[in-house]
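Here is the structure we will look at.
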Amino acid sequence: LQLTPTMQGKAGIVYLDRNLVKLLPAIGVTWTPNADSRYDIFFPAPRAARRFTTLGKHNVWGYVAGEYGGGAWTFQRNTYGFNGISAFDYNDVRVTLGTEFVPATAGGISGNLEVGYVFARQLFYVDGPPQGQYQELPSTMMLRAGLAY
1 LQLTPTMQGK
11 AGIVYLDRNL
21 VKLLPAIGVT
31 WTPNADSRYD
41 IFFPAPRAAR
51 RFTTLGKHNV
61 WGYVAGEYGG
71 GAWTFQRNTY
81 GFNGISAFDY
91 NDVRVTLGTE
101 FVPATAGGIS
111 GNLEVGYVFA
121 RQLFYVDGPP
131 QGQYQELPST
141 MMLRAGLAY
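Going by the working numbering, the first residue of the sequence shown is number 1, and it counts up by one from there.
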């Protein structure tokens, strides 16, 4: 939804396919005040990016971002009289600082490298371990890199 020449609104629902949280509302705006800046003021994944330079045919951007991370898995469990498949969720909140290179035109290789702080980490066991369904985990750091074509 184009609100102004430099601002777009967006809304929807993110399907997480987790045991505890299936759907998450998504709402926000993207503000692009100039060709070198982009601000995604958006729940659940805010991001502020700035283009630093152009190297060859690629633009190099730096950014700070937030993210609701995690996923859902199953595993074979044979403990305390429970034998079978059990399901669990891993949930966290991430704040990252990163850089990415993207082709200035369509096509080509892009990539990113980021470092971040991960907090509010939690395991949710559907069947519940002996000590309860929730297990809090300590905060940690993360490193993520990627390439795409």
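Every residue gets a Cβ at the ideal spot worked out from N, C-alpha and C, and that includes glycine.
Source: prediction; values computed, not measured.
When the options are compared against residue i, the one with the closest alpha-carbon
i	options	result
Asn112	Met141, Val60, Tyr39, Tyr68	Val60
Ile13	Ala120, Ala26, Glu100	Ala26
Asn92	Pro138, Ala48, Gly84	According to the sequence provided, residue 92 is Asp. The question's Asn does not apply to it. Closest by alpha carbon: Pro138.
Leu3	Val29, Lys22, Ile41, Tyr15	Val29
Val118	Phe101, Val95, Glu100	Val95
Pair within 8 Å by beta-carbon distance, residue i and residue j
i	j	result
Ile109	Leu55	no
Gly62	Arg50	yes
Phe88	Leu123	yes
Met141	Gly107	no
Leu24	Val64	no
Bridge partner(s) assigned by DSSP for residue i
i	result
Pro103	His58
Ile85	Gln76
Asn230	The shown model of the chain, from 1 to 149, leaves out residue 230, and the question about it has no answer.
Val95	Gly66, Tyr117
Own chain residues within Cβ distance below 7 Å of residue i, not counting five before or after
i	result
Ala72	Asp17, Arg18, Asn19, Ala87, Asp89
Cβ neighbours of residue i in the same chain (closer than 6 Å, five flanking residues each side left out)
i	result
Pro44	Leu24, Tyr68
Close Cβ partners of residue i (< 8 Å) along its chain, the five nearest in sequence each way excluded
i	result
Ala104	Thr54, Lys57, His58, Asn59
### Segments assigned alpha helix (DSSP H), at least 4 residues, entirely inside the segment 51-81
none
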